[in-house]
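**Q**
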DNA sequence: CTGTTAGCGCTTTCAA
DNA sequence: TTGAAAGCGCTAACAG
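Protein chains in written order, with our numbering: chain A, 216 to 563; chain B, 216 to 563.
1. Beta-carbon separation of residue 241 of chain B and residue 253 of chain B under 8 Å?
2. Check residue 310 of chain B in the structure and name its three-state DSSP category.
3. Counting only beta-carbon atoms, is residue 216 of chain B nearer than 8 Å to chain A?
4. If distances are taken between C-alpha atoms only, which option among B:521, B:524 and B:497 comes closest to residue 511 of chain B?
5. Under 8 Å, do residue 417 of chain A and residue 347 of chain A count as touching if we go by C-beta distance?
6. Name the residue from A:517, A:413 and A:250 whose alpha carbon lies nearest to the alpha carbon of residue 438 of chain A.
7. In chain B, what lies closer than 9 Å to residue 329 of chain A by C-beta?
8. Anyone know if the C-beta pair for residue 340 of chain B and residue 409 of chain B falls short of 8 Å?
9. Got a sec, what are the start and stop residues for the beta strand (DSSP E) residue 541 of chain A sits in?
10. Residue ranges of each alpha helix (DSSP H) run of no fewer than 4 residues wholly in the stretch 348-408 of chain A, ordered along the chain?
11. Of all the beta strand (DSSP E) runs that stay within the bounds of the stretch 288-349 of chain B, which reach a length of 3 or more residues?
12. According to DSSP, is residue 451 of chain A part of a helix, a strand, or is it coil?
13. If we call anything under 8 Å between Cβ atoms a contact, is residue 446 of chain A one with residue 495 of chain A?
14. What residues from chain A crowd round residue 302 of chain B, counting only those whose CB sits closer than 9 Å?
15. Return the residues of the stretch 467-496 of chain B that lie within a Cβ-Cβ distance of less than 9 Å from chain A, sorted by chain order.
16. Using a Cβ distance threshold of 8 Å, determine whether the stretch 251-265 of chain B contacts the stretch 416-433 of chain B, with at least three qualifying pairs required.
17. So residue 433 of chain B contacts chain A; which residues on that side make the cut at Cβ distance below 8 Å?
18. For residue 460 of chain B, count neighbouring C-beta atoms within 10 Å of its own C-beta (all shown protein chains included) and say buried if the count is 16 or more, exposed if not.
19. Cβ atoms of residue 382 of chain B and residue 541 of chain B: under 8 Å apart, would you say?
20. Does the Cβ-Cβ distance between residue 433 of chain A and residue 557 of chain A come in under 8 Å?
21. Residue 283 of chain B lies in the beta strand (DSSP E); which residues open and close that run?
22. Along chain B, in chain order, which residues have C-beta atoms closer than 7 Å to that of residue 295 of chain A?
23. So which residues of chain A does residue 256 of chain B contact, with C-beta pairs closer than 8 Å?
24. When you compare only the Cα positions, how much space is there between residue 326 of chain B and residue 490 of chain B?
25. Can you list, in chain order, the residues of its chain with a C-beta nearer than 8 Å to that of residue 291 of chain B? Leave out the 5 residues immediately preceding and following it.
26. List, in chain order, every chain A residue whose beta-carbon is nearer than 7 Å to that of residue 271 of chain B.
27. So, under 8 Å CB-CB, residue 482 of chain A and residue 428 of chain A are touching, yes? Tell me the CB distance rounded to an integer number of Å.
28. Tell me, which residues are paired with residue 547 of chain B by DSSP?
29. Report yes or no: is there a C-beta of chain B within less than 8 Å of the C-beta of residue 428 of chain A?
30. Check the Cβ-Cβ distances between residue 298 of chain B and every residue of chain A, and say whether any is below 8 Å.
31. Would residue 315 of chain B and residue 282 of chain B qualify as a contact pair, given that the criterion is a beta-carbon distance under 8 Å?
32. Could you tell me whether the Cβ atoms of residue 444 of chain A and residue 411 of chain A are closer together than 8 Å?
33. Take the Cβ of residue 430 of chain B as the centre, count every other Cβ of all protein chains shown within 10 Å, and call the residue buried at 16 or more, exposed below.
34. Suppose the cutoff is 6 Å on Cβ atoms and the five residues either side in sequence are ignored; what does the same chain contact list for residue 310 of chain A look like?
35. Please work out which residues of its chain come closer than 6 Å, Cβ to Cβ, to residue 324 of chain B, disregarding the five sequence neighbours upstream and downstream, and give them in chain order.
36. If you draw a straight line from the C-alpha of residue 470 of chain A to the C-alpha of residue 328 of chain A, how long is it?
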């Protein structure tokens, strides 16, 4: 956008032979304008292919029409679902959304918020979970505080301890607990957990839930039952391979996300182990495609789009007084065919 | 962003006891500033948690740091992949991306471009294919032309006839043709096509490719071999159900996208037909997860992220002179296990 | 109802 | 080097 003569409101006004103010009013419909004048302005604007300069509008004090969303990875169906919800609500309110992807890099997360702040986005939705790191939390709070003082709204999806922001909290821990219990009830006694990076609150909460559910049923998980990887398909694949390598005897593999489950299942299959006959596998999130798998994946369903919708909504009707509201959404265990009652171990 | 006293550069300047100009220069590093003064400015900025107002910067003529991307649906892995590529390049160049989703609504597509134009995005990447509609094309051209005159860059992914924009063109037609030929070579003679909306150029090109490939092998497709649906999983599911309903005797179902194939396979499975034993199914795009399906999906692979990267790159180093460059990317047939040589028809 | 005018916050000549 | 001042394009008082 270096060169080029932009058509400005002044051009329109001149062409329509009215004042700048009238042109502005005619275009925005803020105040009544004599019909013929308005017609002239509209015609001139169309003729000149005029588009208002959003920066000038923002600077001049018009209300901000931009909201920001920051996610880890847009290719992750979990985030895609949430963002879809955010966009739906934003769209309904005539807002434009700026999307930033951080690839789960804490520093980038901070940088994105700063950029959104610079854009004077009227609201920021943080969809990635927090990093369990004191100094990061402090830095994020330091970034958000002045933003909020300037009238900016902030909403987060999932737990951000000490962030004083409106929160949409899916019941990760409860969902995980319920899943663990369900698997125990099915008859499983030997478990392995394929997990994402432990410094993400979402992952930590889910793992805690698994632990609690199993412990309640009398099964203790040891460190050797955990196999961590990145929060994506390849992370699941790698973790499952580590599990196979370690000759872990689990009859049920709990994973902290559907995407990881996907990779894990492929790894198991490649190692000659059939799901669910040889080993049951559970996912988390209920991303759209897992019901199309063969076998369909047993998982903890989260209302992804709703998470996004609620977060955006919360940010939008935020009143300065009511900070730190939390909207809890429950998680539901969906038993499908990737899990079965464990059979007696086959001879090999 | 209604209320709230924003910290401005003037506050920083005052606090650092320098002039506005000096503060600006110190922060941007445009010109040399005496070291101690710069220190003071930086310190003041940090102390006040100053963030420059991007709108003011943009208005004052600083270079734009925003690019726009418009897609149909962020939850579609096809678009997610492309956008990921776009974001990678944008990020590498220190640009912020504004993402708009249109849900394949032609009007919204237009509206999004207009909004991006208002934001004075330095470049716009159109990832959805064009609509095969003269008046829409005209309207889009009318929106883009003044934008371009104002120095804006435009790049599109897939064919946009008559748009004079830099284009990244995956070989949809050639890929489809190759797939059709491959399936014929495998032994299939009776085909059905599960397709998205025919008014999308991408879909049209793929269908044309299927037709050509088959015709070249002596198989003509009739209208009764086509089953259309929306470009998503549910569209594929519905189309496949229509196919089943019609008792179509295809031994091979060609689809115009992996996502649709996903739904189609589930529909077939629910109808008691096994893939690939009873019927072979092919996809298109090679979205990340299809290799994790059981059976893995035979598909036409497109380098999704690269499409996005190239488009963004093209838009970025666009010189006003070299308009309408086209970068072709080839498509590759990936034979996996969802397709096999057709067996003699089983008795029922 | 319409026009005049004062900024919004920042960058950038132009002088000093 | 630094500072003063002129806008960038638009909206919103404030007068007419």
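Think of the CB as a built atom: it goes at the ideal place given N, C-alpha and C, for glycine as much as any other residue.
**A** On the basis of the supplied data:
1. For this step, residue 241 of chain B is matched to residue 26 along the second chain. For this step, residue 253 of chain B is matched to residue 38 along the second chain. Between residue 241 of chain B and residue 253 of chain B, the CB-CB gap stays under 8 Å.
2. The residue given as residue 310 of chain B occupies position 95 in the second chain. Note: residue 310 of chain B maps to coil in three-state DSSP.
3. In the second chain, residue 216 of chain B corresponds to position 1, counting from 1. A caution first: residue 216 of chain B carries a pLDDT of 38, below 50, which makes its placement in the model unreliable, though a value can still be read off. Chain A contact via Cβ: present.
4. One-based indexing of the second chain puts residue 511 of chain B at position 296. Nearest option by C-alpha distance: B:497.
5. Within the first chain, the letter at position 202 stands for residue 417 of chain A. Within the first chain, the letter at position 132 stands for residue 347 of chain A. No, the pair does not count as a contact, with Cβ atoms beyond the cut-off.
6. Your numbering for residue 438 of chain A matches position 223 in the first chain. It is A:413.
7. The residue given as residue 329 of chain A occupies position 114 in the first chain. By Cβ distance, chain B contributes 266.
8. As a position in the second chain, residue 340 of chain B is number 125, starting the count at 1. As a position in the second chain, residue 409 of chain B is number 194, starting the count at 1. It is not a contact, given that the beta carbons lie outside the stated cut-off.
9. Within the first chain, numbered from 1, the residue matching residue 541 of chain A stands at position 326. Counting along the chain, the beta strand (DSSP E) containing residue 541 of chain A begins and ends at 541-544.
10. 349-364 and 387-401
11. Here the runs fully enclosed are 311-316 and 338-341.
12. The residue you call residue 451 of chain A lines up with position 236 of the first chain. Looking at residue 451 of chain A - three-state DSSP - the assignment turns out to be helix.
13. On the first chain, residue 446 of chain A is found 231 positions in, with the first residue counted as 1. On the first chain, residue 495 of chain A is found 280 positions in, with the first residue counted as 1. No, the pair does not count as a contact, with Cβ atoms beyond the cut-off.
14. The count along the second chain starts at 1 and reaches residue 302 of chain B at position 87. Those within 9 Å of residue 302 of chain B in chain A are 289, 314, 315 and 316.
15. 474, 477, 478, 480, 481, 484 and 490
16. no
17. By one-based count along the second chain, residue 433 of chain B stands at place 218. Correct list: empty, because the minimum Cβ distance to chain A is about 34 Å.
18. As a first step, residue 460 of chain B must be located in the second chain, where it is residue number 245. Counting every other CB atom within 10 Å of its CB across the protein chains shown gives residue 460 of chain B a total below 16, marking it as exposed.
19. Here the question's residue 541 of chain B lines up with position 326 in the second chain. Here the question's residue 382 of chain B lines up with position 167 in the second chain. A contact, by the Cβ cut-off of 8 Å.
20. Residue 433 of chain A sits at position 218 when you count from the first residue of the first chain. Residue 557 of chain A sits at position 342 when you count from the first residue of the first chain. No, they are not a contact pair.
21. Indexing the second chain from 1 puts residue 283 of chain B at position 68. Residues 281-286.
22. For this step, residue 295 of chain A is matched to residue 80 along the first chain. Annotation: Cβ neighbours of residue 295 of chain A in chain B (cutoff 7 Å, chain order): 289, 290 and 295.
23. Position 41 of the second chain, counting from 1, holds the residue named residue 256 of chain B. Going along chain A, no residue has its Cβ under 8 Å from residue 256 of chain B, so there is no contact; the nearest lies around 17 Å.
24. Here the question's residue 326 of chain B lines up with position 111 in the second chain. Here the question's residue 490 of chain B lines up with position 275 in the second chain. Using only the alpha carbons, I get a separation of about 42 Å.
25. Position 76 of the second chain holds residue 291 of chain B. The residues are 446, 447 and 474.
26. Within the second chain, residue 271 of chain B is the residue found at index 56, counting from 1. Taking a Cβ-Cβ cut-off of 7 Å, the neighbours of residue 271 of chain B in chain A comprise 274, given in sequence order.
27. Translated into positions along the first chain, residue 482 of chain A becomes position 267. Translated into positions along the first chain, residue 428 of chain A becomes position 213. Not really, about 24 Å apart at Cβ, beyond 8 Å.
28. Walking along the second chain from the start, residue 547 of chain B turns up at place 332. Answer is B:516.
29. As a first step, residue 428 of chain A is located in the first chain; it is residue number 213 there, counting from the start. No, residue 428 of chain A does not count as interfacial toward chain B.
30. For the purposes of this step, residue 298 of chain B is taken as the residue at position 83 of the second chain. It does: the Cβ of residue 298 of chain B has a partner Cβ on chain A nearer than 8 Å.
31. Taking the first residue of the second chain as 1, we reach residue 315 of chain B at position 100. Taking the first residue of the second chain as 1, we reach residue 282 of chain B at position 67. Taking 8 Å as the Cβ cut-off, residue 315 of chain B and residue 282 of chain B do not qualify as a contacting pair.
32. Sequence index remark: in the first chain, residue 444 of chain A carries index 229 (1-based). Sequence index remark: in the first chain, residue 411 of chain A carries index 196 (1-based). Yes. Within cutoff.
33. Position 215 of the second chain, counting from 1, holds the residue named residue 430 of chain B. The residue in question, residue 430 of chain B, is exposed, as its Cβ has fewer than 16 Cβ neighbours within 10 Å.
34. By 1-based counting over the first chain, the position of residue 310 of chain A is 95. Closer than 6 Å at the Cβ level, and outside the excluded window around residue 310 of chain A, lie 280 and 282.
35. Your numbering for residue 324 of chain B matches position 109 in the second chain. Within the same chain, residue 324 of chain B has close Cβ partners 317.
36. What you label residue 470 of chain A is simply residue 255 of the first chain in a count that begins at 1. What you label residue 328 of chain A is simply residue 113 of the first chain in a count that begins at 1. Going by the C-alpha atoms only, they are around 30 Å apart.
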